[in-house]
Amino acid sequence: MSIDEPDFWQERYINDNIPWHTKTITPALVNSVDHSVSKKIAILGCGYSKDSIFLANKKHSVFSVDFASKPIEYLTSIKNKYNIDNLNPIECDIFNLPNLYPNFFDIVLEYTCFCAIMPSKRLEYAELVSKILNKNGQFISLFFPIKEREADKDGPPFYVNLEDTLPMFENNFNIIKIDKNVDSIKPRKGFETLVIMRKK
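Numbered per the numbering used here, the sequence shown spans residues 297 to 496.
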């Protein structure tokens, strides 16, 4: 199976072979969101996203997207159990989102999705983020891993070279912040960079 197929990831979730899952919120991401006004937020490749639940409890309208059914079933169960009406788990290939939600979101959050898609699709990813954001919408990305890690067999399939990555977004975005000194969990310290962009 290819990493481009939902079954590849579904099998990982079923077998609990998901070492990337941190089981905590991501401070660098959730603290970059303005909580004073409700936002429409997309979380791409969400997995068992604790950030989704946290942000929904902050009264944002959260759309958590994954094409593996297992994490979507989990988030749906949380939504129903705790009556979180503004949490919207969506089982969908992220590359179909521009057809479903054109110019819709105020914020798109990125964490461990970009590093899990084929590098040949990264430019298409940058385009889709632009297409689903409304005018002046924000792309808040915690890029990981920003350099190769030795013996990282359980980590993401591909690392992220920022020198190659940022130009992919320059046609549609202005970069407003780059922060390499982020609040990372210990194993990821030094391997993450927060980049915030605004759609032109």
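Note that the Cβ used here is the ideal one computed from N, Cα and C, for glycine as well.
Pick out whichever of Ile349, Asp362 and Tyr397 has its Cα sitting closest to the Cα of Tyr378. The option with the nearest alpha carbon to Tyr378 is Ile349.
Where do the N-terminal and C-terminal ends of the beta strand (DSSP E) with Ser345 fall, by residue? It is not in any beta strand (DSSP E) - Ser345 carries neither H nor E in the DSSP assignment.
With DSSP as the reference, identify every bridge partner of Arg494, one or two as the case may be. Answer is Gln434 and Asn470.
So, are the CB atoms of Ser437 and Lys495 less than 8 Å apart? With contacts defined as CB atoms closer than 8 Å, Ser437 and Lys495 fail to qualify as a contacting pair.
Just to confirm my understanding: we take Asp479, look at its own chain, exclude 5 residues before and 5 after, and list those with CB closer than 7 Å. What are they? Correct list, in chain order: Pro323 and Ala324.
Who does Tyr407 pair with in a DSSP beta bridge? Per DSSP, Leu438.
So if DSSP puts Glu387 in a beta bridge, which residue, or which two residues, is it bridged to? Answer by DSSP bridge pairing, in chain order: Asp362.
Does DSSP put Ser357 in a helix, a strand or coil? Three-state result, Ser357: strand.
Where do the ends of the alpha helix (DSSP H) carrying Lys427 lie? Residues Arg418 to Ile428.
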